[in-house]
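Residue 42 in this note's numbering sits at position 36 of the sequence shown, and the numbers go up by one each step. Worksheet for the structure shown next.
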Amino acid sequence: MSQVPGKRARGRPSTEDLPDEDQSGSARERILTAAGELFAEHGYDATPTSKIADRAGVPKGLIHYYFKRKQDLLEALVDRLPEERLESDRIVVRGDIAGSLRSLVHELDARLESSMLLSHLLWREADTHDAVREAMQRRFGTVVEQIRRVIELALPPGPSGCDVDAAALLLARVVNHRHSVARHRTEDDALDREISFIARALEMGVGKPRTIKPA
7 MSQVPGKRAR
17 GRPSTEDLPD
27 EDQSGSARER
37 ILTAAGELFA
47 EHGYDATPTS
57 KIADRAGVPK
67 GLIHYYFKRK
77 QDLLEALVDR
87 LPEERLESDR
97 IVVRGDIAGS
107 LRSLVHELDA
117 RLESSMLLSH
127 LLWREADTHD
137 AVREAMQRRF
147 GTVVEQIRRV
157 IELALPPGPS
167 GCDVDAAALL
177 LARVVNHRHS
187 VARHRTEDDA
197 LDREISFIAR
207 ALEMGVGKPR
217 TIKPA
């Protein structure tokens, strides 16, 4: 059905009506910032778009101009998370598995702290929203790959019977849990001891041929 000339679709203002700063995208950023804060404070389901508009200082219709559905706000917030991939060569010290892993975890922690509010929000909403859960699963896979790469680069030269895959998965799960409860974390956490344990186990396998279990 064609639209009557001179009338616009409800809830989607024309870009002609937007001030220059809104056309540049600053309004969209204010909306996302407000949505992230309110979702974190009250939860996604308990936050109406009218409250987001009030906090962002924009008309409610402008939210629907940028985001057709409320869920689109949540998915856009996922995209705001900092990239987890790091340059492994920059943080690895050959022969120092524990030190290399500590450097990696320090980098991952720094990225979490740069978006603490957003990370907490997404950890909570991952249980009920597929898009968030899938994004967090992808990020977990990236962390596993990153840890595996650091271990492989840090291992001393020579044959190794280490189960690098299992070690990477174990540490990634520890880091994952640490980040999911970061807002409750105290200065005394056990991660350093766990890294030392994993590093010692890997070092014990250096110089030993890896045993392949029969299928």
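Note that beta-carbon positions come from the ideal geometry of N, C-alpha and C, so glycine has one too.
What did DSSP end up calling residue i once you bin it into helix, strand or coil?
{"i": "G17", "result": "Low confidence applies to G17: its pLDDT is 45, below 50, so where it sits in the model is not reliable, and the reading given next is rough at best. Reduced to three states, the DSSP call for G17 is coil."}
{"i": "K76", "result": "helix"}
{"i": "H135", "result": "coil"}
{"i": "T222", "result": "It is not possible to answer for residue 222, since the shown part of the chain is limited to 7 through 221."}
{"i": "D169", "result": "coil"}
{"i": "R117", "result": "helix"}
{"i": "G101", "result": "coil"}
{"i": "E93", "result": "coil"}
{"i": "D198", "result": "helix"}
{"i": "R86", "result": "coil"}
{"i": "V181", "result": "helix"}
{"i": "L128", "result": "helix"}
{"i": "I204", "result": "helix"}
Look at residue i and residue j and say whether their C-beta atoms are less than 8 Å apart.
{"i": "A205", "j": "A104", "result": "yes"}
{"i": "L107", "j": "C168", "result": "no"}
{"i": "P54", "j": "G101", "result": "no"}
{"i": "L118", "j": "A46", "result": "no"}
{"i": "I69", "j": "V156", "result": "no"}
{"i": "H185", "j": "S125", "result": "yes"}
{"i": "V170", "j": "E158", "result": "yes"}
{"i": "A137", "j": "V84", "result": "yes"}
{"i": "V64", "j": "R36", "result": "yes"}
{"i": "L80", "j": "E131", "result": "yes"}
{"i": "A178", "j": "I153", "result": "yes"}
{"i": "V99", "j": "A160", "result": "yes"}
{"i": "K57", "j": "L38", "result": "no"}
Buried or exposed: where does residue i fall if 16 or more other Cβ atoms within 10 Å of its Cβ makes it buried?
{"i": "S32", "result": "exposed"}
{"i": "A172", "result": "exposed"}
{"i": "A52", "result": "exposed"}
{"i": "V111", "result": "buried"}
{"i": "A116", "result": "exposed"}
{"i": "F73", "result": "buried"}
{"i": "G147", "result": "exposed"}
{"i": "R75", "result": "exposed"}
{"i": "R199", "result": "exposed"}
{"i": "R144", "result": "exposed"}
{"i": "M142", "result": "buried"}
Please report the Cβ distance between residue i and residue j, rounded to the nearest whole angstrom; I am assuming they are in contact, meaning their Cβ atoms lie under 8 Å.
{"i": "A40", "j": "A62", "result": "4 Å"}
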